[in-house]
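Beneath this line is the structure, given in C-alpha cells, with notes to follow.
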Amino acid sequence: MIVSMTNQQNTTQSSSLRPLVLFTNDDGIASPGLWASAAAFADFADVLVVAPREQQSGTGRSMPVTSEGRIYAEEREIDGCRIQAYSVDGTPAQAVQHGIIELADRLPSLVVSGINYGENCGSGVTISGTVGAALEAASMNIPALAVSQTTRHDLHLTYSQEVDFSVAAQFTRRFGLWMMSARRPDDVDVLKVDIPLEATPDTDWKITRISRHRVYWPTRPERVALGDVGRIGYHFEGSPAKAEPNSDVYVVLHEKLVSVTPMSLDMTSRTDLFRLDQAIRAEASVNGADEHAQRPVQEMRRKARYKAIAAD
Numbered sequence: 053m054i055v056s057m058t059n060q061q062n063t064t065q066s067s068s069l070r071p072l073v074l075f076t077n078d079d080g081i082a083s084p085g086l087w088a089s090a091a092a093f094a095d096f097a098d099v100l101v102v103a104p105r106e107q108q109s110g111t112g113r114s115m116p117v118t119s120e121g122r123i124y125a126e127e128r129e130i131d132g133c134r135i136q137a138y139s140v141d142g143t144p145a146q147a148v149q150h151g152i153i154e155l156a157d158r159l160p161s162l163v164v165s166g167i168n169y170g171e172n173c174g175s176g177v178t179i180s181g182t183v184g185a186a187l188e189a190a191s192m193n194i195p196a197l198a199v200s201q202t203t204r205h206d207l208h209l210t211y212s213q214e215v216d217f218s219v220a221a222q223f224t225r226r227f228g229l230w231m232m233s234a235r236r237p238d239d240v241d242v243l244k245v246d247i248p249l250e251a252t253p254d255t256d257w258k259i260t261r262i263s264r265h266r267v268y269w270p271t272r273p274e275r276v277a278l279g280d281v282g283r284i285g286y287h288f289e290g291s292p293a294k295a296e297p298n299s300d301v302y303v304v305l306h307e308k309l310v311s312v313t314p315m316s317l318d319m320t321s322r323t324d325l326f327r328l329d330q331a332i333r334a335e336a337s338v339n340g341a342d343e344h345a346q347r348p349v350q351e352m353r354r355k356a357r358y359k360a361i362a363a364d
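Per this note's numbering: the sequence shown = residues 53 to 364.
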C-alpha cells in the first residue's frame with residue numbers, strides 16, 4: 053500500500069532499495085504545504101501520504117474517541133507521477149498511527165509532519181497538531197520532522213496559493229536526510245524546524261531551544277449567552293525580541309533565520325532531581341511536624357464548637 057512513484061518495475065525495486073517516508077500534517081490532505089514536502093523527497097524515497105481529511109490545527113497529539121477512523125483513498129500526482137495517498141477521519145497523531153500500522157508495508161524510515169501554515173514556536177508547541185504528529189511517530193521509534201513556515205496570520209487556516217513553500221521544502225529535505233542518517237545522537241526524537249517567510253535557500257539556520265514565550269494568546273468569544281456558540285480565537289502577542297536569545301521564537305520571528313529545535317520524548321524538567329527530592333522531603337517533614345503539633349489545638353476548637361452547638 054505504499055505510494056508508487058514510477059512504473060511497476062521501479063516500484064518493486066524501490067521497495068528494497070529506497071527508504072519509505074510517511075508524510076502527514078494538521079492542515080489536512082489538500083494543503084499545498086503537505087504536497088510541497090512530499091515532492092521534495094519523491095526522487096529518492098517511496099512516499100506515503102496519510103493526512104487528516106479535514107483541518108485539524110490545534111489538536112496537539114490528541115486521540116479523541118469521537119474520531120471514526122475512516123480512511124479514504126486519494127488520487128494525487130507529483131511531477132506527473134500518480135500518487136496513491138490517504139485521508140483519515142481523525143487527528144494528525146491518529147493519521148500517523150493508521151499510516152504506520154495499517155497502510156505502510158514496512159516501517160517508515162522517517163515521518164515528516166508539515167509544512168504547516170504558520171510557525172509553531174514557544175510554549176504553544178504542545179497545541180500544535182504538526183508537532184503532535186511528529187511526537188506520535190517518535191513514540192513509535194521512528195525519527196520525525198515537524199516543519200512550519202511563518203505566514204500572514206489570516207492565512208493560517210487556509211490553503212492559500214499566496215504562500216510559496218519551495219524554500220521550506222528544501223530545508224525539509226535537508227534536515228530529513230540528516231534525521232535518517234546514522235549520525236543522529238541519542239535523545240533527538242524530533243526536529244522541529246520553523247522557517248521564516250523571508251527565507252531563501254541561503255538563509256542561515258540555528259539550533260534553538262523552545263522558548264517559554266507564548267506567541268499566540270486566546271481571545272474571549274463574542275456571544276450574548278453562555279449557551280451560544282463561542283469559539284475561543286487567538287491573537288499574536290508581539291515582542292519576539294523579548295524572547296530568550298537562541299530560542300525558537302527569537303530566531304525565527306526576530307532574527308528571521310531558520311530555527312531548528314531538537315525535541316525529546318523525555319519531558320522531564322532539567323532541574324537537579326536529587327535536590328528536588330531533598331526539598332520536597334524536607335518541606336513534607338516540616339509540614340508534617342506542624343500538622344502534628346496543631347492537632348491538639350484543632351481538637352480543642354472542635355470540641356468547643358460542639359459544646360456551643362449543644363448549649364444552643
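C-beta: ideal position from N, C-alpha, C; glycine also.
Beta-carbon spacing of residue i, residue j below 7 Å
| i | j | result |
| --- | --- | --- |
| residue 199 | residue 179 | no |
| residue 156 | residue 100 | yes |
| residue 268 | residue 181 | no |
| residue 302 | residue 295 | yes |
| residue 141 | residue 113 | no |
| residue 72 | residue 139 | no |
| residue 310 | residue 230 | no |
| residue 210 | residue 170 | no |
| residue 245 | residue 189 | no |
Closest residue to residue i among the options (Cα-Cα distance)
| i | options | result |
| --- | --- | --- |
| residue 94 | 110, 128 and 295 | 128 |
| residue 123 | 111, 114, 107 and 154 | 154 |
| residue 220 | 115, 269, 87 and 293 | 87 |
| residue 291 | 174, 217 and 270 | 174 |
| residue 144 | 165, 250, 288 and 160 | 165 |
| residue 259 | 74, 274, 192 and 298 | 298 |
| residue 316 | 197, 242 and 307 | 242 |
| residue 233 | 195, 80, 327 and 261 | 195 |
| residue 224 | 335, 149 and 163 | 163 |
| residue 288 | 270, 281 and 253 | 270 |
| residue 150 | 119, 82 and 265 | 119 |
Simplified DSSP state of residue i, which is helix, strand or coil
| i | result |
| --- | --- |
| residue 210 | coil |
| residue 162 | strand |
| residue 108 | coil |
| residue 129 | strand |
| residue 60 | With a pLDDT of 37 at residue 60, under the threshold of 50, the predicted position of this residue should be treated as unreliable, though the coordinate-derived value follows. Three-state DSSP puts residue 60 in a helix. |
| residue 168 | strand |
| residue 291 | coil |
| residue 329 | helix |
| residue 309 | coil |
| residue 197 | strand |
| residue 66 | For residue 66, the pLDDT reaches just 46, beneath the cut-off of 50, and the residue's location in the model is therefore unreliable, although a value from the coordinates is still provided. The answer is helix: DSSP assigns residue 66 an H, G or I state. |
| residue 299 | strand |
| residue 116 | coil |
| residue 80 | coil |
| residue 178 | helix |
| residue 148 | helix |
| residue 54 | Here residue 54 scores only 49 on pLDDT, less than 50, and its place in the model is too uncertain to base an answer on. |
| residue 94 | coil |
| residue 321 | coil |
| residue 338 | helix |
| residue 190 | helix |
Closer than 6 Å: residue i CB and nearest the ligand GTP heavy atom
| i | result |
| --- | --- |
| residue 179 | With respect to small molecules bound, the structure shown includes none, and the ligand GTP cannot be examined in it. |
Per DSSP, cross-strand counterpart(s) of residue i
| i | result |
| --- | --- |
| residue 139 | 103 and 124 |
| residue 75 | 101 and 164 |
| residue 314 | 243 |
| residue 134 | 129 |
Short CB-CB distance (under 7 Å) between residue i and chain C
| i | result |
| --- | --- |
| residue 94 | Of the protein chains in this structure there is only one, and it is not chain C. |
Open item on the list: In chain order, what are the residue ranges of uninterrupted beta strand (DSSP E) at least 3 long that sit wholly in the region 221-287?
Closed with: 242-247, 257-259 and 268-271
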